[in-house]
Amino acid sequence: MTVWLVRRVAAAAATVLAVVTLTFVLVHAAPGAPFLPGSDRAADPAVVEGLRRQFGLDRPLPVQYARYLAGLATGKLGMSFTLRRPVADAIAAAVPNTLALAAAALLIDFGLGLLLGLYLATHARRAGDVALGGALLLLQSVPTFWLGLIVLLVFGQWLGWLPVGGATDPVVYPALTWAGKVADRVRHLALPAATLGLVAAAGTARFQRAALLEVLRQPFVRTARAKGVPERRLVLAHALRHALLPLITLFGLSFPFLLTGAVLVETIFAWPGMGKLAADAVFLRDYPLVTAIALVASVMVVLGSLLADCLYAAADPRIRVADG
Amino acid sequence: MTLGAWLAPLTLVVLAVLAATVTRRLAERRPAGRRFFRHPPAEAGVGILVFFVALAVAAPLVTPYHPDRQLDIVGLQHAAPSWAHPLGTDLYSRDVWSRLAFGARISLAIGALATLVAVTLGTLVGVAAGYARRLDAVLMRLVDVGLAMPRLFILLVIVALWDQLPLPVLILAIGLTTWFATSRLVRAEVLRLRELAFVEAARAAGAGAVRVVLRHVLPNAVAPVVVSVAVGVGNVLLLEAGLSFLGIGVRPPTPSWGNMIADGAHHVTTAPWATVFPGLAIALVVMASTALGDALRDAFDPRPEAP
Amino acid sequence: MPARLRRPLRRIAGPALALGLIGCEPRGGCTGEYCGTLVINTAGQVDILLPPVSQQLAARAIADQIFLKLADVGPSINTLGDADFEPLLAERWEWTDSLTLVFHLHPRARWHDGTPVTAADVAFSFDAYTDPRVNSPYRTALGSIRTVTVRDPATAVFRFGRRSPELFYDAVYHLRILPAHLLRETPRDQWATAPFGRAPVGSGPYRFVSWQAGQDIELAADSTFFLGRPRIRRLIWRGVPDLQVAVTRLVAGEADVQELLFTPANVEQVRRAPHLATYSYNGSVYTFLAFNLAARDDTARPHPLFGDREVRRALWMATDRERLLRSVFGELARVPPGPVSQLWSIWDPEIRQLPYDTAEAARVLQRRGWRDGDGDGVRDRGGARLAFGLLVPTTSAVRRQYARLLQEAYRGLGVAVEIEEVEPTVLEERARAGRYDAALLTRSTDPTPTSGFAQAWTRAGLGGPNPTRYANPAFERLLAAAGQAERPEAAGAAWRAALEMLNQDVPGIWLNAPDNVAAVHHRVADVRFRPDAWWALLRTWRIPPQQLIDRDRVER
Numbered sequence: 047m048t049v050w051l052v053r054r055v056a057a058a059a060a061t062v063l064a065v066v067t068l069t070f071v072l073v074h075a076a077p078g079a080p081f082l083p084g085s086d087r088a089a090d091p092a093v094v095e096g097l098r099r100q101f102g103l104d105r106p107l108p109v110q111y112a113r114y115l116a117g118l119a120t121g122k123l124g125m126s127f128t129l130r131r132p133v134a135d136a137i138a139a140a141v142p143n144t145l146a147l148a149a150a151a152l153l154i155d156f157g158l159g160l161l162l163g164l165y166l167a168t169h170a171r172r173a174g175d176v177a178l179g180g181a182l183l184l185l186q187s188v189p190t191f192w193l194g195l196i197v198l199l200v201f202g203q204w205l206g207w208l209p210v211g212g213a214t215d216p217v218v219y220p221a222l223t224w225a226g227k228v229a230d231r232v233r234h235l236a237l238p239a240a241t242l243g244l245v246a247a248a249g250t251a252r253f254q255r256a257a258l259l260e261v262l263r264q265p266f267v268r269t270a271r272a273k274g275v276p277e278r279r280l281v282l283a284h285a286l287r288h289a290l291l292p293l294i295t296l297f298g299l300s301f302p303f304l305l306t307g308a309v310l311v312e313t314i315f316a317w318p319g320m321g322k323l324a325a326d327a328v329f330l331r332d333y334p335l336v337t338a339i340a341l342v343a344s345v346m347v348v349l350g351s352l353l354a355d356c357l358y359a360a361a362d363p364r365i366r367v368a369d370g
Numbered sequence: 002m003t004l005g006a007w008l009a010p011l012t013l014v015v016l017a018v019l020a021a022t023v024t025r026r027l028a029e030r031r032p033a034g035r036r037f038f039r040h041p042p043a044e045a046g047v048g049i050l051v052f053f054v055a056l057a058v059a060a061p062l063v064t065p066y067h068p069d070r071q072l073d074i075v076g077l078q079h080a081a082p083s084w085a086h087p088l089g090t091d092l093y094s095r096d097v098w099s100r101l102a103f104g105a106r107i108s109l110a111i112g113a114l115a116t117l118v119a120v121t122l123g124t125l126v127g128v129a130a131g132y133a134r135r136l137d138a139v140l141m142r143l144v145d146v147g148l149a150m151p152r153l154f155i156l157l158v159i160v161a162l163w164d165q166l167p168l169p170v171l172i173l174a175i176g177l178t179t180w181f182a183t184s185r186l187v188r189a190e191v192l193r194l195r196e197l198a199f200v201e202a203a204r205a206a207g208a209g210a211v212r213v214v215l216r217h218v219l220p221n222a223v224a225p226v227v228v229s230v231a232v233g234v235g236n237v238l239l240l241e242a243g244l245s246f247l248g249i250g251v252r253p254p255t256p257s258w259g260n261m262i263a264d265g266a267h268h269v270t271t272a273p274w275a276t277v278f279p280g281l282a283i284a285l286v287v288m289a290s291t292a293l294g295d296a297l298r299d300a301f302d303p304r305p306e307a308p
Numbered sequence: 003m004p005a006r007l008r009r010p011l012r013r014i015a016g017p018a019l020a021l022g023l024i025g026c027e028p029r030g031g032c033t034g035e036y037c038g039t040l041v042i043n044t045a046g047q048v049d050i051l052l053p054p055v056s057q058q059l060a061a062r063a064i065a066d067q068i069f070l071k072l073a074d075v076g077p078s079i080n081t082l083g084d085a086d087f088e089p090l091l092a093e094r095w096e097w098t099d100s101l102t103l104v105f106h107l108h109p110r111a112r113w114h115d116g117t118p119v120t121a122a123d124v125a126f127s128f129d130a131y132t133d134p135r136v137n138s139p140y141r142t143a144l145g146s147i148r149t150v151t152v153r154d155p156a157t158a159v160f161r162f163g164r165r166s167p168e169l170f171y172d173a174v175y176h177l178r179i180l181p182a183h184l185l186r187e188t189p190r191d192q193w194a195t196a197p198f199g200r201a202p203v204g205s206g207p208y209r210f211v212s213w214q215a216g217q218d219i220e221l222a223a224d225s226t227f228f229l230g231r232p233r234i235r236r237l238i239w240r241g242v243p244d245l246q247v248a249v250t251r252l253v254a255g256e257a258d259v260q261e262l263l264f265t266p267a268n269v270e271q272v273r274r275a276p277h278l279a280t281y282s283y284n285g286s287v288y289t290f291l292a293f294n295l296a297a298r299d300d301t302a303r304p305h306p307l308f309g310d311r312e313v314r315r316a317l318w319m320a321t322d323r324e325r326l327l328r329s330v331f332g333e334l335a336r337v338p339p340g341p342v343s344q345l346w347s348i349w350d351p352e353i354r355q356l357p358y359d360t361a362e363a364a365r366v367l368q369r370r371g372w373r374d375g376d377g378d379g380v381r382d383r384g385g386a387r388l389a390f391g392l393l394v395p396t397t398s399a400v401r402r403q404y405a406r407l408l409q410e411a412y413r414g415l416g417v418a419v420e421i422e423e424v425e426p427t428v429l430e431e432r433a434r435a436g437r438y439d440a441a442l443l444t445r446s447t448d449p450t451p452t453s454g455f456a457q458a459w460t461r462a463g464l465g466g467p468n469p470t471r472y473a474n475p476a477f478e479r480l481l482a483a484a485g486q487a488e489r490p491e492a493a494g495a496a497w498r499a500a501l502e503m504l505n506q507d508v509p510g511i512w513l514n515a516p517d518n519v520a521a522v523h524h525r526v527a528d529v530r531f532r533p534d535a536w537w538a539l540l541r542t543w544r545i546p547p548q549q550l551i552d553r554d555r556v557e558r
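Residue numbers (my numbering), protein chains in the order written: chain A, 47 to 370; chain B, 2 to 308; chain C, 3 to 558.
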């Protein structure tokens, strides 16, 4: 078991290094340069040149790469060109927001998805299945950002139930009690998490439906039914447990989706998370920030899949032996 | 719009319904076909796809206006749907229906071609990894790297490499970033097939690896590949829409469903028709392709009726 | 306690306790003249709150509440002489001779940490702004000042190199006074990332409170501000990158101020909201179609298409600028008579420009040999097509709209336009390097044309601020004459001559100069916008006590 684990961790580290190097090369090769003052002022070449020198961009590329890796080894992620502060600070401020959004979206995704999948499977091929299945299919087919704009419009502006954008209330948040702060954050989290989560839940529900129907066809279920076990107990106790296993893989695959799908949602809802930070960084050619985000994102994803693999291996011993 | 112009899309609808019914009749002669059409959405899916493909092919014949023509930039901007413009006009006073039809060409082409690239690459890698154990470790690490990188992020960076992205490169880029899941599925299938008797027999009879793969493994591994294609088209369409929203994608004035939504995204309240119709088109095609994917999965893998 | 008292006591104890609790509930929040919280939508990113090194416009609005200048332009935005300027950090000033200016600092001026503001701070600030190690974008703007010296703690002396009517403007407009005692220790070459820039200390009407990364920047009024305590207690800037979402926030009542609504649709939406008021003020930007007069790969040779003045003039005449403006802006913009913004007094609709005349445009192209030989709808000459690429940034919805409209307009003339939508950094890089054919550029201007105009249209700006590579010695002479004019009337005539020459040479097509329409919550009174810097008079806005809403009453 430990050998397997060590090997997987080593592979994970190699993956992360590959991702970082690839990003570094790509972003430096891209046309356009950092330090240009935005599109309504002409750039003063002397100022731009001075900034390039100050941030070390006048060295040859391999030297920059080496210095970057050396910095990584000592835990320094560099200084952001656009935010004028250490990259680590910027990311540290954004990561909790992304994690909060991803966690809330995953909660909606799996919670709602499971419930809906159960309903669909137990009412398979009846009117409820067709109608709900159709609605879920439609939900899954709509561009996420479009859904986000509609949701924002309906709940933020027309109904006014939930706040429009941001993670906290700019005015009252510091003055709230602890409970009030949590409530405020939840209110701001609701719309973006719902946008991401609902679309994902639709997919999970349909996946769960298929998995449950698969299990319900198995001989052992038929035997149990013949023995007179009530249908509800059958579904909940026996079938569900077996159908949950593939969910673990789905969890592993969902994580990157949430990180990337989040870019559009974060832009629309002005959610100060990593997706928006990443998009801005790429647009403004903030090299250290881009590579650091690639690093952090790939670490999170690799850890997620490592975790999923561990869970899977713990549940199913055959995997460990076969992969070893 | 003249009566003739209204008749043309109706003809397409009739054509689609006919095609769906005929396909069903023909397919139900075989057990796999019956399994395919057991899902109610499958028939609708076939009909929808036929409608949009026919629309794309016959676009110049069914649209009264040229898609790029700005009819009256002051008087006809964001005109509501009317007899003359059944789906209204957009920000540049261009007819939405015409743009939708021509946009079908671009969007479906991107969907099909990018998916082709992705599935081909994914299948090749999946087969290689599943069959040749030595390649497996390396290739699967590559797939892990690919899955680890946030896709939109990678696309942003790739797109940034070109000053102005030509369409073929965009298709290639989308294809190159979406093949990873396919390779995993194909690999799993190939691993399963390897252990089967007929493959063992072929190897024992002395057939070379390539021959075994081509004649025995690949034809039987078709199921996950075809399903990937069906589902992949939908994903690519949604990805293209997202890229257009961020300002990357098909160059103006060429319409694509994604950039139609992007053009109208900031006027959702004042002119919803500019985004609703292309959004609906995307949703319908994605739904159809997903339904077809489900049905194909069922057709390839026989299962007894659910209780 | 005697037994007979206990029972009635118990009977009233309950209600008394309840009454006491209710009665003793503290009356919540701030009341009176000096309350108020304004939530301000801001679209741009704020990089750093240290004026000499900040490059983003969004940061200036905030930094100018924290840091003061010596004096500032008045409501007329007249930059000539010193009569129309209003004192700020300097209480009064005098000219001891035509090249020496003496400022007397306000005796009650204080930094937010209590230290008095002295002339040493002024000298230090000038030194920092002009230090090449600090690498400030404003260094060249301060070029006419030779030295700044300290006569005594309350007196600073500016000496200039050459006479000019705008010496006072040069001295005060860009120079924000910084605290020497807090910045002296920071190495000059690290000012771009100085931690002071994330927790600034200034002498202005508002002090810095907090900066939540990626979200909000909060400022609080300085109650001891020497020019009068600001009436509005808290200012909170929230970054909202998407315009539609920003307007949604306004309409939903979650934001109070937005400096720019951009589109007629947004203005309409805001006007329909009962709790919002709109304010119109002159815009400070203009957009133009820039032609690259030099060849893409070799700046010494003329551009194959746009090196020919007649081709440029033909394209101008084929552009119905008024109609394009109406389509994009409705009534909210004006066609500029030159590369000028509405801020400048030299804006004169009488300045001669080429007319809109598509027939003449076609004739000009025919005369130059551009005919459609192969019938593909695009003119050609000697095997080359009359086709060019138009660079547009992906981030500007207005310019993207213009690009599509222009593409279609020129198609009718037989000119093929390929729209290249690129990221803003790519646009700036290619414009600087000359690797483009035509581009839609927007320039935001200072209150006076003299600072940026020469850079943009003369040989001095080649390879940088002059993307068209326009170089005309006759024009430069006219420009020099205009810069020397002492009074507005003489300046007007000289500028008119210069602009008319520019309009004959057509290095670009001046497309629009938008009006700015701002939205402010209707409870805010005394709202005034100074066109060159909408935020300049924020400290004079107020909320009457009877109009306070929940947001205003929150105690911090």
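Think of the CB as a built atom: it goes at the ideal place given N, C-alpha and C, for glycine as much as any other residue.
>> Just to make sure I have the definition right: I need the residues of chain C whose C-beta is within less than 7 Å of the C-beta of residue 212(A). Which are they?
In response: Residue mapping note: residue 212(A) aligns to position 166 of the first sequence, counting from 1. Within 7 Å Cβ-Cβ: 217 and 240.
> Since residue 282(A) meets chain B, which of its residues come closer than 8 Å, beta carbon to beta carbon?
Replying inline: Taking the first sequence and counting its residues from 1, the one referred to as residue 282(A) is at position 236. Per Cβ cutoff of 8 Å: no residues; residue 282(A) is ~16 Å from chain B at best.
> residue 295(B) CB to nearest chain A CB: under 9 Å?
Replying inline: As a working mapping, residue 295(B) is identified with position 294 in the second sequence. Yes, contact with chain A.
>> When you compare the CB positions of residue 72(C) and residue 168(C), do they come within less than 9 Å of one another, or not?
In response: Taking the first residue of the third sequence as position 1, residue 72(C) is located at position 70. Taking the first residue of the third sequence as position 1, residue 168(C) is located at position 166. Cβ distance not < 9 Å, so residue 72(C) and residue 168(C) don't count as in contact.
> When burial is assigned at 16 or more other CB atoms within 10 Å of the CB, is residue 564(C) buried or exposed?
Replying inline: The question about residue 564(C) has no answer, for chain C in this structure spans 3 to 558.
>> So within the stretch 30-76 of chain C, which uninterrupted alpha helix (DSSP H) runs reach at least 4 residues, ignoring any that extend past its ends?
In response: 59-68
> Fully enclosed by the stretch 403-484 of chain C, which alpha helix (DSSP H) runs are 4 residues long or longer?
Replying inline: 426-435 and 451-459
> Nearest-angstrom Cα distance between residue 98(C) and residue 105(C)?
Replying inline: Residue 98(C) sits at position 96 when you count from the first residue of the third sequence. Residue 105(C) sits at position 103 when you count from the first residue of the third sequence. Looking at the two C-alpha atoms, the distance is approximately 11 Å.
>> Per the DSSP calculation, residue 149(C) is bridged to which residue(s)?
In response: On the third sequence, residue 149(C) is found 147 positions in, with the first residue counted as 1. Paired residue(s): 161(C).
>> One question on the structure: do residue 136(A) and residue 335(A) come within less than 9 Å of each other, judged by their Cβ atoms?
In response: Taking the first sequence and counting its residues from 1, one reaches residue 136(A) at position 90. Taking the first sequence and counting its residues from 1, one reaches residue 335(A) at position 289. Against a cut-off of 9 Å, the Cβ pair of residue 335(A) and residue 136(A) comes out as a contact.
> Closest Cβ-Cβ distance between residue 75(B) and chain C: below 9 Å?
Replying inline: Position 74 of the second sequence, counted from the first residue, corresponds to residue 75(B). Chain C contact via Cβ: present.
> Beta-carbon of residue 28(C) versus every beta-carbon of chain A: anything under 9 Å?
Replying inline: By 1-based counting over the third sequence, the position of residue 28(C) is 26. Per-residue confidence for residue 28(C) stands at a pLDDT of 37, beneath the threshold of 50, marking its modelled position as unreliable; no derived number is given.
> Could one say the Cβ of residue 471(C) lies closer than 9 Å to chain A's Cβ atoms, at least one of them?
Replying inline: Taking the third sequence and counting its residues from 1, the one referred to as residue 471(C) is at position 469. Output row for residue 471(C): interface = no.
> Considering only the beta carbon of each residue, do residue 77(B) and residue 403(C) sit closer than 9 Å?
Replying inline: The count along the second sequence starts at 1 and reaches residue 77(B) at position 76. The count along the third sequence starts at 1 and reaches residue 403(C) at position 401. Taking 9 Å as the Cβ cut-off, residue 77(B) and residue 403(C) do not qualify as a contacting pair.
> Looking only at its own chain, which residues have a Cβ that is under 7 Å from the Cβ of residue 186(A), when we skip the five neighbours before and after it?
Replying inline: In the first sequence, residue 186(A) corresponds to position 140, counting from 1. Cβ within range, chain order: 245, 248 and 249.
>> So residue 53(C) and residue 178(C) are supposed to be a Cβ contact under 8 Å. How far apart are they, rounded?
In response: By 1-based counting over the third sequence, the position of residue 53(C) is 51. By 1-based counting over the third sequence, the position of residue 178(C) is 176. The Cβ separation is near 4 Å, so the contact holds.
> Per the contact definition of three or more C-beta pairs closer than 8 Å, is the stretch 211-229 of chain A in contact with the stretch 117-134 of chain A?
Replying inline: no
>> With H, G and I counted as helix, E and B as strand and the rest as coil, what does DSSP make of residue 208(C)?
In response: Along the third sequence, one-based indexing puts residue 208(C) at 206. DSSP places residue 208(C) in strand when its eight states are reduced to three.
>> On the CB-based measure, 16 or more other CB atoms within 10 Å of its CB, does residue 225(C) come out buried or exposed?
In response: One-based indexing of the third sequence puts residue 225(C) at position 223. The residue in question, residue 225(C), is exposed, as its Cβ has fewer than 16 Cβ neighbours within 10 Å.
>> Determine, for residue 333(C), whether the minimum Cβ-Cβ distance to residues of chain B falls below 9 Å.
In response: Working through the third sequence from its first residue, we reach residue 333(C) at position 331. It does not; no Cβ of chain B falls within 9 Å.
> What did DSSP end up calling residue 344(C) once you bin it into helix, strand or coil?
Replying inline: Counting from one through the third sequence, the residue named residue 344(C) turns up at place 342. Coil.
> Looking only at C-alpha atoms, which of 67(C), 213(C), 136(C) and 237(C) sits nearest to residue 206(C)?
Replying inline: Within the third sequence, numbered from 1, the residue matching residue 206(C) stands at position 204. Comparing Cα positions, the closest option is 67(C).
> Using a beta-carbon distance cut-off of less than 7 Å, what residues from the stretch 111-141 of chain A approach chain B?
Replying inline: none
> Can you tell which of 346(C), 364(C), 437(C) and 279(C) has the C-alpha that lies nearest to the C-alpha of residue 320(C)?
Replying inline: In the third sequence, counting from the first residue as 1, residue 320(C) sits at position 318. Comparing Cα positions, the closest option is 364(C).
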